[in-house]
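Trainee:
Residue numbers (our numbering): 10 to 453.
Here it is in structure tokens:
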């Protein structure tokens with residue numbers, strides 16, 4: 010009986026942690042999808058209040074500012090206080106944001122609601138990613154960490170795509186399109202809160218508690234130029250995503266003459282689904298082939314997007330195909346730059362290095378899209394999209410040589426490379442020593 014109990018205890022723990030992986034993935038998806046829900050609704054707010062496309066990008070930028078501030082100030086605190094202690098406040102913050110959207114529907118309320126939601130995303134992104142990895146390690150100790158990474162990525166990018174799909178579909182077919190999506194979001198937050206409370210904690214509070222400091226951004230000294238290039242690459246990837254979560258409805262309703270809110274949400278979902286699929290299908294962990302593939306696919310997709318709106322009869326189907334191709338390329342590019350930073354950074358400073366890259370990504374999520382919103386005030390949407398894609402392509406051209414030089418060798422710290430000949434010589438000496446020793450085997 011004792012043996013059975015002892016053997017079943019690890020099995021129960023593994024099962025509980027396995028369920029926890031999916032519970033936290035759902036909670037992560039709920040937070041991200043809620044914060045992406047306003048994307049297809051902006052057109053309704055714009056029609057009601059009459060503000061410009063530029064104000065749409067300002068509302069969107071408020072979200073990115075909230076994310077950046079939160080990443081810098083509190084995103085790393087779950088390492089000190091525990092995963093649950095940061096995730097629960099993030100969910101409550103999301104609920105407050107949803108309450109702002111429901112109670113304060115004027116333009117200032119939209120900006121405040123987006124900013125508060127951004128704070129929640131900054132709190133939860135690193136926390137959820139780390140928690141899923143730790144739960145997975147206990148649930149399946151012999152499995153590859155890649156599975157946990159895929160789950161986290163799917164929850165993150167999948168949430169960004171699912172939010173507009175849910176909100177757009179509801180807004181298309183319910184009577185209160187600016188109310189029902191946020192009530193549904195509150196229900197999701199309640200379920201997510203139950204999931205977080207039921208999941209095993211994997212990080213005990215640090216005692217004594219460290220003194221608070223903002224998240225540091227560590228740049229490895231041997232790879233500063235490549236690190237900056239990786240940050241720009243992350244910013245370009247996020248700029249592509251920002252296009253489809255902020256101004257895509259403008260292009261659908263403008264040159265393409267399709268005003269369906271469900272279509273706007275489905276477009277964003279298709280782009281992010283393509284990003285998730287591309288990251289999942291790429292098996293190699295070496296940055297150079299990932300980045301090269303991602304850049305080629307993304308630039309091709311951007312070209313298809315431009316052609317779709319510049320045709321004499323603009324093509325919706327071609328626009329959607331271009332969006333899917335662009336999303337797949339941007340997803341692969343982002344995975345590649347993450348691999349560059351992870352390989353360049355020392356193990357004890359990898360989180361700090363990745364934090365800097367995510368900050369660069371969220372800056373890319375806001376500034377280029379705001380600039381696009383400014384340009385659309387003076388130029389046609391078609392010409393604005395052409396300028397936007399040309400700028401992104403030029404940025405890719407600038408960073409590509411630095412990211413691709415040397416492949417895996419270039420992403421390995423110089424000190425480690427210098428140790429290779431020494432280690433190789435030691436192995437050769439050991440092999441020669443063994444070969445000169447008498448054999449104890451009997452002759453056949």
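Quick reminder that beta carbons are idealized off the backbone N, C-alpha and C, glycines included. Note that this is a predicted model, so its numbers are computed, not measured.
Is it true that the CB of residue 258 sits closer than 7 angstroms to the CB of residue 176?
Mentor: no
Trainee: Would you mind listing the beta strand (DSSP E) stretches within the region 168-232 that are 3+ residues and don't spill past its ends, in chain order?
Mentor: As for any beta strand (DSSP E) of minimum length 3 sitting wholly inside the region 168-232, there is none.
Trainee: Would you kindly work out how many angstroms separate the C-alpha atoms of residue 193 and residue 172, rounded to a whole number?
Mentor: One Cα belongs to residue 193, the other to residue 172, and the distance between them is close to 11 angstroms.
Trainee: Considering only C-alpha positions, which residue in the set 138, 104, 31 and 42 is nearest to residue 363?
Mentor: 138
Trainee: Can you grab the Cα-Cα spacing for the pair residue 332 / residue 205, in whole Å?
Mentor: 34 angstroms
Trainee: Check whether the Cβ atoms of residue 371 and residue 71 sit closer than 7 angstroms, and answer yes or no.
Mentor: At least 7 angstroms separates the beta-carbon of residue 371 from that of residue 71.
Trainee: Of all the options 389, 393, 387 and 365, which has the alpha carbon lying nearest to the alpha carbon of residue 377?
Mentor: The shortest CA-to-CA distance from residue 377 to any of 389, 393, 387 and 365 is the one to 393.
Trainee: Which one of 105, 249, 174 and 284 has the shortest CA to CA distance from residue 130?
Mentor: 105
Trainee: Which same chain residues end up closer than 7 angstroms to residue 438 when comparing Cβ atoms and leaving out the 5 residues on each side of it in sequence?
Mentor: With a pLDDT of 48 at residue 438, under the threshold of 50, the modelled position of that residue is not reliable, and no figure is offered here.
Trainee: Apply the 10 Å Cβ neighbour rule to residue 266 and answer buried if 16 or more other Cβ atoms are within range, or exposed otherwise.
Mentor: exposed
Trainee: Assuming residue 285 and residue 340 form a contact by the criterion Cβ under 8 angstroms, report the distance between their Cβ atoms to the nearest whole angstrom.
Mentor: 7 angstroms
Trainee: If you reduce the DSSP assignment to three classes, tell me which class residue 414 lands in.
Mentor: Three-state DSSP puts residue 414 in coil, outside helix and strand.
Trainee: Do you know offhand how far residue 81's Cα is from residue 224's?
Mentor: 5 angstroms
Trainee: Please classify residue 5 as buried or exposed, where buried requires at least 16 neighbouring CB atoms within 10 angstroms.
Mentor: The chain is shown only over 10 to 453; residue 5 falls outside these bounds and no answer can be derived.
Trainee: Roughly how many whole angstroms lie between the Cα atoms of residue 16 and residue 22?
Mentor: The predicted model places residue 16 with a pLDDT of 46, which falls under 50 and marks its position as unreliable, so this point remains unresolved.
Trainee: Using a Cβ-Cβ cutoff of less than 7 angstroms, which residues in the same chain neighbour residue 35 once the five nearest sequence positions on both sides are dropped?
Mentor: 201 and 204
Trainee: If you drop the 5 nearest sequence neighbours on each side, which residues of the same chain put their C-beta closer than 8 angstroms to that of residue 432?
Mentor: Reliability fails at residue 432, whose pLDDT of 43 lies under 50, so the model's placement of it is uncertain and the value that follows must be treated cautiously. Result list for residue 432: empty, nothing under 8 angstroms.
Trainee: Who are the near neighbours of residue 195 in its chain, counting only those whose CB is closer than 7 angstroms to its CB and skipping five residues on each side?
Mentor: Here the set comprises 104 and 107.
Trainee: Any idea what DSSP makes of residue 88, helix, strand or coil?
Mentor: helix
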